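>
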Amino acid sequence: MAILKIARMGHPVLLARAEPVADPTAPEIKRLVRDMVETMEDASGAGLAAPQVHVPLRLFVFRVNPDRASGDAGDTAVLPNAVVINPEIELLGEDVRLRWEGCLSIPGLRAAVPRAWRIRYRGVDTDGQPVGGEVTGFHAGVVQHEFDHLDGILYPMRMTDFSLFGFNEELARVAAQQAAAQARP
Ligand code: NI
Numbered sequence: 001m002a003i004l005k006i007a008r009m010g011h012p013v014l015l016a017r018a019e020p021v022a023d024p025t026a027p028e029i030k031r032l033v034r035d036m037v038e039t040m041e042d043a044s045g046a047g048l049a050a051p052q053v054h055v056p057l058r059l060f061v062f063r064v065n066p067d068r069a070s071g072d073a074g075d076t077a078v079l080p081n082a083v084v085i086n087p088e089i090e091l092l093g094e095d096v097r098l099r100w101e102g103c104l105s106i107p108g109l110r111a112a113v114p115r116a117w118r119i120r121y122r123g124v125d126t127d128g129q130p131v132g133g134e135v136t137g138f139h140a141g142v143v144q145h146e147f148d149h150l151d152g153i154l155y156p157m158r159m160t161d162f163s164l165f166g167f168n169e170e171l172a173r174v175a176a177q178q179a180a181a182q183a184r185p
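Mapping the sequence shown onto my numbering, position 103 (from 1) lands on 103, and the numbers just tick up by one.
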């Protein structure tokens with residue numbers, strides 16, 4: 001097990017299209033996935049794609065924590081640590097919503113990014129077993145964000161409203177002030 005170094009925005013590895021994984025069951029892929037999960041947890045992230053740790057392969061890990069799931073029928077499953085190798089993704093329907101996102105490669109910042117509410121995705125795990133399904137909400141959003149990393153796309157490249165972009169600390173301060181104002185009688 002090892003904590004891997006995370007590439008930050010500006011590094012070319014984040015802009016390259018990643019290559020398919022030839023053998024998802026290979027020992028080095030299992031080791032990479034274990035290290036990516038450990039790195040994601042250490043950095044308190046919700047997802048991590050292989051190019052973010054300088055490995056240009058099509059795989060990512062993510063987790064849906066109970067406090068993040070929207071409660072929607074397609075988003076209630078709480079996944080501790082999921083891996084998706086060689087993913088395919090299909091956006092379903094016309095419902096696109098703004099979703100607040102951060103990225104371990106863009107530390108300290110977050111932004112509202114338009115994402116499809118409902119998607120279908122599939123891939124395999126490190127046993128070669130199929131994973132994925134039809135999902136919504138947070139689950140659908142994190143999969144779109146991580147999938148984008150495999151095509152060299154970072155969330156600012158998806159943004160439509162740059163006024164909804166800021167430092168976590170500032171946004172948290174504003175949110176706290178607004179909550180306090182609403183709580184006042
Ligand atoms: Ni990211």
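Glycine is no exception: its CB is placed at the ideal position from the N, C-alpha and C atoms.
Because the structure is a prediction, the values reported are computed rather than measured.
Regarding Ser44 and ligand 1, is the C-beta to nearest heavy atom distance less than 7 angstroms?
No - ligand 1 has no heavy atom lying nearer than 7 angstroms to the Cβ of Ser44.
> Who are Phe167's beta bridge partners in DSSP?
DSSP lists Leu109 as partners of Phe167.
> According to the Cβ coordinates, are Ala140 and Arg118 closer than 8 angstroms?
Closer than 8 angstroms, so yes.
> If you draw a straight line from the C-alpha of Arg120 to the C-alpha of Asp151, how long is it?
The straight-line gap from Cα to Cα measures roughly 18 angstroms.
> Would you call the stretch 124 to 134 and the stretch 154 to 166 in contact, with 3 or more CB pairs under 8 angstroms?
Flag = no, the stretch 124 to 134 and the stretch 154 to 166 do not touch.
> Taking the alpha carbon of Thr136 as the point to measure from, which residue in Ala69, His54, Ala46, Leu48 has its own alpha carbon closest?
Nearest of Ala69, His54, Ala46, Leu48 to Thr136, Cα basis: Ala69.
> Indicate, with yes or no, if ligand 1 has a heavy atom lying under 7 angstroms from the CB of His139.
False, no ligand heavy atom lies under 7 angstroms from that Cβ.
> Count Cβ pairs between the stretch 52 to 59 and the stretch 18 to 29 that sit closer than 8 angstroms; are there 3 or more?
In short, these stretches touch, since the Cβ pair count reaches three.
> For Gly108 and chain B, any beta-carbon pair shorter than 8 angstroms?
The structure shown contains no chain B; it holds only a single protein chain.
> Tell me the DSSP bridge mates of Phe60?
In DSSP, Phe60 forms a bridge with Ala49, Val84.
> Give a single yes or no on whether Leu104 has its beta carbon closer than 7 angstroms to a heavy atom of ligand 1.
Yes, the beta carbon of Leu104 sits closer than 7 angstroms to at least one heavy atom of ligand 1.
> Check whether the Cβ atoms of Val84 and Gly132 lie closer than 8 angstroms to each other.
It is a contact, given that the beta carbons lie within the stated cut-off.
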